[in-house]
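One gets the working numbering by counting positions in the sequence shown from 1 and adding 28 to each. Okay, structure first, notes after.
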Amino acid sequence: MKPLQVAIAKIGVDLHIFETLKDSENALTLSQLADESGASLGLLGRNIFTKRFLILILSVERILRTQAAFGMIKETGVNEFTANRFSRLLADPNASGAITQV
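Here you go:
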């Protein structure tokens, strides 16, 4: 995995996105995933400025679409996502533990 893929996978592990998708029988919408993960949709496009750094807080939508682009989850429709083989693997505590150590 490349650094961006590792970072996006870590976000998915930390927000329990992979577990949530694996446990769901149906595709989940962006709103449902945000509610389940505790991530805020209100963070869309909000910037935090510090003296030296501009930190862009990524929206849940961008995180999920990036995960889908890397094949970590499957986008089944507009703002609808479901688990695939890779996300089921990352939902496993042993595999997710390895990701958090990278």
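Every residue gets a Cβ at the ideal spot worked out from N, C-alpha and C, and that includes glycine. Quick caveat: nothing in here was measured; it's all calculated off a predicted structure.
Where residue i falls: helix, strand or coil (DSSP)
i: glycine 125; result: helix
i: phenylalanine 109; result: strand
i: lysine 38; result: helix
i: leucine 56; result: strand
i: aspartate 120; result: coil
Member of the options whose CA lies at the smallest distance from the CA of residue i
i: arginine 116; options: Gln33, Ile36, Ala35 and Val41; result: Val41
i: aspartate 63; options: Ala35, Ile45 and Asn54; result: Ile45
i: serine 59; options: Val88, Asp51, Pro31 and Leu32; result: Val88
According to DSSP, residues forming a beta bridge with residue i
i: lysine 30; result: Looking at the DSSP assignment, lysine 30 forms no beta bridge with any residue, so it has no partner.
i: lysine 102; result: Thr110
Local Cβ density within 10 Å of residue i, reported as buried at 16 or more and exposed below that
i: threonine 48; result: buried
i: alanine 37; result: buried
i: alanine 126; result: exposed
i: threonine 78; result: Here the model assigns threonine 78 a pLDDT of 47, short of 50, so the residue's position is not dependable and the matter cannot be decided.
i: leucine 56; result: buried
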